[in-house]
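Engineer: Protein chains in written order, with this note's numbering: chain A, 1 to 112; chain B, 113 to 564. Glycine residues also receive a C-beta, built at the ideal position from the N, C-alpha and C atoms. Predicted model only: the values in this text are computed from it and were never measured.
1. Measure the alpha-carbon distance for residue 415(B) versus residue 368(B) and round it to whole angstroms.
2. Residues in the same chain with beta-carbon distance under 7 Å from residue 260(B), minus the five sequence neighbours each way, listed in chain order, please.
3. Could you pull the start and end residues of the beta strand (DSSP E) that residue 52(A) belongs to?
4. Can you find the residues in the same chain that come closer than 6 Å, C-beta to C-beta, to residue 456(B), ignoring five residues on each side of it along the sequence?
5. DSSP has residue 135(B) in a bridge; who is on the other side?
6. Since residue 60(A) meets chain B, which of its residues come closer than 7 Å, beta carbon to beta carbon?
7. For the region 18–50 of chain A, which residues have a CB atom closer than 8 Å to at least one CB atom of chain B, in sequence order?
8. Excluding five sequence neighbours on each side, which residues of the same chain lie with their C-beta closer than 7 Å to the C-beta of residue 97(A)?
9. Examine the Cβ distances between the region 242–251 of chain B and the region 507–514 of chain B and report whether three or more of them are shorter than 8 Å.
10. Residues in its own chain within less than 8 Å of residue 384(B) by CB, not counting five upstream and five downstream?
11. Rounded to the nearest angstrom, how far is the Cβ of residue 319(B) from that of residue 46(A), given a contact under 8 Å?
12. Round the Cβ separation of residue 271(B) and residue 484(B) to the nearest angstrom and send it over; I've been treating them as touching at under 8 Å.
13. Would you mind stating whether residue 211(B) and residue 347(B) have Cβ atoms separated by less than 8 Å?
14. Beta-carbon within less than 6 Å of residue 438(B)'s beta-carbon, same chain only, minus the 5 sequence neighbours each way: which residues are those?
15. For residue 46(A), list the residues DSSP reports as bridge partners.
16. What are the residues that DSSP puts in a beta bridge with residue 65(A)?
17. Looking only at its own chain, which residues have a Cβ that is under 6 Å from the Cβ of residue 109(A), when we skip the five neighbours before and after it?
18. Check whether the region 365–380 of chain B touches the region 306–314 of chain B, taking contact to mean three or more Cβ pairs, one atom from each stretch, closer than 8 Å.
19. Measure the Cβ-Cβ separation of residue 340(B) and residue 488(B) and say whether it is below 8 Å.
20. Please state whether the Cβ-Cβ distance between residue 283(B) and residue 463(B) is less than 8 Å.
21. Three-state secondary structure (DSSP) at residue 11(A)?
22. Please list the partners that residue 320(B) has in chain A, where partner means a Cβ-to-Cβ separation under 8 Å.
23. Using alpha carbons as the reference points, say which of 329(B), 448(B), 521(B) lies closest to residue 295(B).
24. Residues of chain A with CB under 9 Å from residue 425(B), in chain order?
25. Okay, do the region 353–361 of chain B and the region 184–198 of chain B touch, 3+ Cβ pairs below 8 Å being the bar?
26. Hey, out of 171(B), 360(B), 228(B), whose CA is closest to residue 407(B)'s CA?
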């Protein structure tokens with residue numbers, strides 16, 4: 001199994017959710033996050049005093065998938081998240097040892 | 113208030129219309145203090161919101177009592193040496209008849225006293241914006257009491273009291289540019305030079321935590337200011353109050369637009385804080401001048417003040433003094449600009465016959481205005497610095513550095529402004545975790561009270 005994590009622009013959430021559903025993903029976790037990449041944040045001005053706001057709002061989406069689907073799903077998420085402007089975010093996948101469905105105790109791919 | 117004005121040739125009689133108008137104006141001016149609290153409260157960081165609100169609010173308590181006890185007598189009692197008033201029947205406001213009229217006007221002495229009380233309350237509250245985040249509440253309360261007594265009451269007498277030197281000289285201060293705004297702004301400068309900067313000044317971001325609160329406060333200030341300004345003629349018999357009302361509106365609009373234009377050019381955006389600050393700068397500047405200038409003059413005064421104040425708020429970074437919320441940049445500079453511009457824009461057709469430079473009056477009125485500005489500025493600056501120094505040497509002005517960093521609300525008021533606790537956070541009532549009856553007598557009593 002793989003855990004796919006995407007840290008992306010908040011307004012792309014709906015597109016990503018729809019793309020994941022179309023792909024057949026059953027569940028996902030969404031968290032509010034903040035951070036910056038190479039482009040850093042933005043500048044705000046208060047009575048002439050300029051503040052650099054480094055951490056900009058993001059959302060973090062996590063999906064557990066079977067190994068065979070992982071590569072393709074990463075592409076699906078990237079496509080749905082892309083606006084072409086700076087700050088679009090990152091998507092990555094990591095291996096997962098175990099997953100358990102809490103209600104039934106099913107393990108591994110059955111738990112997804 | 114203008115020098116030497118009488119409403120009617122005969123002895124005036126109590127006017128129900130003027131009295132009612134002045135009571136409403138007094139209530140409007142009262143609103144300015146909580147409005148100021150929100151204007152300031154939104155500009156500080158979350159951790160010191162309540163302290164900022166309280167520093168303004170406490171003035172309603174302290175100064176009100178002092179005004180009744182002796183403040184009114186010092187400001188508006190019989191003159192002694194052009195510097196102080198004092199009149200026995202004003203002490204405790206006890207020797208005044210219900211229908212006894214304020215000399216030369218159609219409103220009762222009580223109405224005048226309550227109107228002026230609201231000015232006395234607001235002025236020390238204005239100072240508090242410069243001291244955000246770092247002053248012990250007890251020290252602030254003591255400062256308010258001493259400052260009102262030693263600075264505000266006498267200065268109000270100089271400027272508005274019959275026999276006061278500035279009043280007799282002919283300094284025009286319609287509603288308090290000198291007595292209120294320069295006075296408070298200079299005091300703020302005096303105090304912050306003594307107490308020093310906030311921890312992290314120029315290093316940590318200290319941006320406003322709630323611009324909607326700032327806008328709410330600024331809007332309510334603008335509204336209350338109509339009472340402040342239009343009420344300062346103490347009646348409605350000759351249209352000067354209405355001129356002042358109109359000028360208040362147009363100068364504020366001019367200042368807001370000028371501030372916004374400046375910051376769009378200088379910083380690239382029309383900011384909310386700029387709109388609110390520009391409005392306040394315009395209100396400050398028209399306060400001394402609005403009874404003597406034309407509406408077009410008022411637009412000019414507002415625009416000049418908006419521009420100069422927008423430029424002035426950057427001074428603290430250049431000179432390195434920490435005027436947290438720009439009391440000096442907005443109130444002192446705005447007050448100075450408005451007071452001096454009287455010397456240029458007075459038409460001679462409003463509150464007095466004095467004409468400014470642009471209306472053929474020469475330099476005379478300008479000189480008088482400069483004398484008033486300079487004297488109040490110097491006296492307030494020095495006296496306030498000395499008071500702050502005295503308090504600092506005795507009970508201490510500032511909270512500890514760790515307390516300042518942790519947040520002054522929690523330390524000084526045992527409260528925080530907002531509950532941000534997420535899952536598993538929040539606080540249980542302390543009594544709920546206390547042992548049951550019998551474990552501790554005092555706590556048992558407390559528990560019973562809570563249960564009841």
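Structural biologist: Taking the definition as stated:
1. Taking the second chain and counting its residues from 1, one reaches residue 415(B) at position 303. Taking the second chain and counting its residues from 1, one reaches residue 368(B) at position 256. Going by the C-alpha atoms only, they are around 8 Å apart.
2. Locating residue 260(B) in the second chain gives position 148, where the first residue counts as 1. If we look at residue 260(B) and ignore the five residues flanking it on each side, its Cβ neighbours are 175, 178, 183, 232, 236.
3. Position 52 of the first chain holds residue 52(A). Segment 49–53, the beta strand (DSSP E) holding residue 52(A).
4. For this step, residue 456(B) is matched to residue 344 along the second chain. Taken in chain order, the residues that qualify are 468, 469, 470.
5. The residue given as residue 135(B) occupies position 23 in the second chain. For residue 135(B), DSSP assigns no beta-bridge partner whatsoever.
6. The residue given as residue 60(A) occupies position 60 in the first chain. Taking the beta carbon of residue 60(A) as reference, no residue of chain B falls within 7 Å; the closest one sits roughly 16 Å away.
7. 44, 45, 46, 47, 48, 49, 50
8. For the purposes of this step, residue 97(A) is taken as the residue at position 97 of the first chain. There are no such residues.
9. yes
10. In the second chain, counting from the first residue as 1, residue 384(B) sits at position 272. 323, 326, 327, listed in sequence order.
11. The residue you call residue 319(B) lines up with position 207 of the second chain. The residue you call residue 46(A) lines up with position 46 of the first chain. Indeed they touch by this definition, with Cβ atoms about 5 Å apart.
12. Here the question's residue 271(B) lines up with position 159 in the second chain. Here the question's residue 484(B) lines up with position 372 in the second chain. Rounded, the Cβ-Cβ distance is 7 Å, consistent with contact.
13. Stepping through the second chain from its first residue, residue 211(B) is reached at position 99. Stepping through the second chain from its first residue, residue 347(B) is reached at position 235. No, the Cβ-Cβ distance between residue 211(B) and residue 347(B) is not below 8 Å.
14. Along the second chain, read from residue 1 onward, the residue named residue 438(B) stands at position 326. Only 425 meet the Cβ criterion.
15. Stepping through the first chain from its first residue, residue 46(A) is reached at position 46. Partner(s): 49(A).
16. As a first step, residue 65(A) must be located in the first chain, where it is residue number 65. According to DSSP, residue 65(A) bridges with 2(A).
17. To locate residue 109(A), count along the first chain from 1; it is residue 109. Counting only Cβ-Cβ distances below 6 Å, and skipping sequence neighbours, we find 66.
18. With a cut-off of 8 Å, the region 306–314 of chain B and the region 365–380 of chain B do not count as touching, because too few Cβ pairs lie within range.
19. As a position in the second chain, residue 340(B) is number 228, starting the count at 1. As a position in the second chain, residue 488(B) is number 376, starting the count at 1. Cβ distance not < 8 Å, so residue 340(B) and residue 488(B) don't count as in contact.
20. Reading the second chain from its first residue, position 171 is the one you call residue 283(B). Reading the second chain from its first residue, position 351 is the one you call residue 463(B). Their beta carbons are not under 8 Å apart, which means residue 283(B) does not touch residue 463(B) by this criterion.
21. Residue mapping note: residue 11(A) aligns to position 11 of the first chain, counting from 1. When secondary structure is reduced to three states using DSSP, residue 11(A) falls in the helix class.
22. Taking the first residue of the second chain as 1, we reach residue 320(B) at position 208. The answer, in chain order, is 46.
23. As a first step, residue 295(B) must be located in the second chain, where it is residue number 183. Among 329(B), 448(B), 521(B), the Cα nearest to that of residue 295(B) belongs to 448(B).
24. Counting from one through the second chain, the residue named residue 425(B) turns up at place 313. Going along chain A in sequence order, the residues near residue 425(B) (Cβ under 9 Å) are 47, 48, 49.
25. In short, these stretches do not touch, since the Cβ pair count stays below three.
26. Within the second chain, the letter at position 295 stands for residue 407(B). Checking every option, the nearest Cα to that of residue 407(B) belongs to 360(B).
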